[in-house]
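Read the structure below first, then the notes.
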Amino acid sequence: MSAEYFSLGKDFDYVKGNLYLKRGFDILFAAFFIILFSPLFLMCVLAILGEGLISKTARGPIFIIQRRVSQGRPFNLIKFRSYYLKDDPHMAHLADTIWFINDRRQTWVGKFLRKFYLDELPQLFNVLKGEMSFVGPRPWPEKQYLEVLALGFHARRVVRGGVCGPLQALKGAAPEDKPPSKFEVEDRLVADYCERSALGIVFYDLRLIGKTLKVVWRAEGH
Numbered sequence: 090m091s092a093e094y095f096s097l098g099k100d101f102d103y104v105k106g107n108l109y110l111k112r113g114f115d116i117l118f119a120a121f122f123i124i125l126f127s128p129l130f131l132m133c134v135l136a137i138l139g140e141g142l143i144s145k146t147a148r149g150p151i152f153i154i155q156r157r158v159s160q161g162r163p164f165n166l167i168k169f170r171s172y173y174l175k176d177d178p179h180m181a182h183l184a185d186t187i188w189f190i191n192d193r194r195q196t197w198v199g200k201f202l203r204k205f206y207l208d209e210l211p212q213l214f215n216v217l218k219g220e221m222s223f224v225g226p227r228p229w230p231e232k233q234y235l236e237v238l239a240l241g242f243h244a245r246r247v248v249r250g251g252v253c254g255p256l257q258a259l260k261g262a263a264p265e266d267k268p269p270s271k272f273e274v275e276d277r278l279v280a281d282y283c284e285r286s287a288l289g290i291v292f293y294d295l296r297l298i299g300k301t302l303k304v305v306w307r308a309e310g311h
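Anchor point for the sequence shown: position 88 equals 177 in the numbering used here, and the numbering is continuous, going up by one each time.
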């Protein structure tokens, strides 16, 4: 889907005008899940602290802050730290590090957190603050964000970045003969929003969240 798809701006306005129920859904459920998962939050914090007590190399901050862009606006994304700092304090602020399966830079606790997407839990506070949504394209650092815009893919400019999105929901799906690029998948999300009412967008989000939860249950995290 190219930039011409949104060239008149009417699709931008239509989608943004129909996101009020989506925002209400985000506020309600973010507050609900923060309360519901508070014991899990505490266990993650204790696990990170406990590993630091056992292994000196695993010590570091509980949270990391990464500068990202959501709906065209920069913000501070929050995560549980999942990797070693290795005496480099700047590691805590890396925003565009690429991680691999069984990456040795990940702590033992960090591998578990990432496998089940638990490192993403603090982003519920980003959702509550209005910086992110439950469903949307993953927010990227500004450099990559601008590069994707230059290629003509505008999903990240139209909707807020999401804790989960179409890419996560597609994990484990049957491969297509000619699978779309991840940018096309994310822009398709905006196109799907254009075809739905405000209430329809909420139900569409719920369906994507359900698919993502299946991925989490199968432990297919990064």
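The C-beta atom is built at its ideal place from N, Cα and C for all residues, glycine as well.
Bear in mind that the values here come from a model prediction, so they are computed numbers and not experimental data.
Segment limits, beta strand (DSSP E) that includes residue i
i, result
"LYS168", "162 to 169"
"GLN251", "Here residue 251 turns out to be Gly, not Gln, going by the sequence shown. Taken as a continuous stretch (DSSP letters only), the beta strand (DSSP E) holding GLY251 covers 251 to 253."
Beta-carbon gap between residue i and residue j smaller than 8 Å
i, j, result
"MET221", "SER159", "yes"
"ALA244", "PRO226", "yes"
"ASP281", "LYS111", "no"
"SER171", "THR196", "yes"
"VAL274", "GLY251", "no"
"LEU202", "PHE169", "yes"
"PRO230", "ARG156", "yes"
"ARG249", "LEU238", "no"
"PHE205", "PHE242", "no"
"ALA287", "LEU217", "no"
"LEU278", "GLY299", "no"
"GLY139", "ARG148", "no"
"PHE122", "LEU213", "yes"
The ligand FMN heavy atom lying under 7 Å from the CB of residue i
i, result
"ALA280", "The ligand FMN is not among the ligands present in this structure, which contains no ligands whatsoever."
DSSP beta-bridge partners of residue i
i, result
"SER222", "GLY251"
"GLN195", "TYR172"
"TRP229", "VAL158"
With 16 other Cβ atoms within 10 Å as the buried cut-off, status of residue i
i, result
"ILE167", "buried"
"PHE164", "buried"
"TYR109", "exposed"
"PRO292", "First, the residue type needs correcting, since residue 292 is Phe and not Pro in the sequence shown. Under this definition PHE292 is an exposed residue."
"ALA136", "buried"
"THR301", "buried"
"VAL134", "exposed"
"SER96", "For SER96, the pLDDT reaches just 39, beneath the cut-off of 50, and the residue's location in the model is therefore unreliable, although a value from the coordinates is still provided. The residue in question, SER96, is exposed, as its Cβ has fewer than 16 Cβ neighbours within 10 Å."
"GLU209", "buried"
"PHE290", "Per the sequence presented here, residue 290 reads as Ile, with Phe not at that position. Burial call: buried."
"ASP115", "buried"
"PRO150", "exposed"
"LEU129", "exposed"
"GLY199", "buried"
"ARG125", "Looking at the sequence shown, residue 125 is not Arg but Leu. With fewer than 16 other Cβ atoms within 10 Å, it is exposed."
Bounding residues of the alpha helix (DSSP H) (the contiguous stretch that carries residue i)
i, result
"LEU302", "287 to 306"
"GLU275", "271 to 283"
"ASN215", "212 to 217"
Minimum Cβ-Cβ distance from residue i to chain B less than 8 Å
i, result
"ILE290", "Going by chain labels, chain B is absent from the structure shown, which holds only one protein chain."
Those runs of the beta strand (DSSP E) which lie wholly inside the stretch 114 to 159 and span at least 3 residues: The stretch 114 to 159 contains these whole beta strand (DSSP E) runs: 152 to 159.
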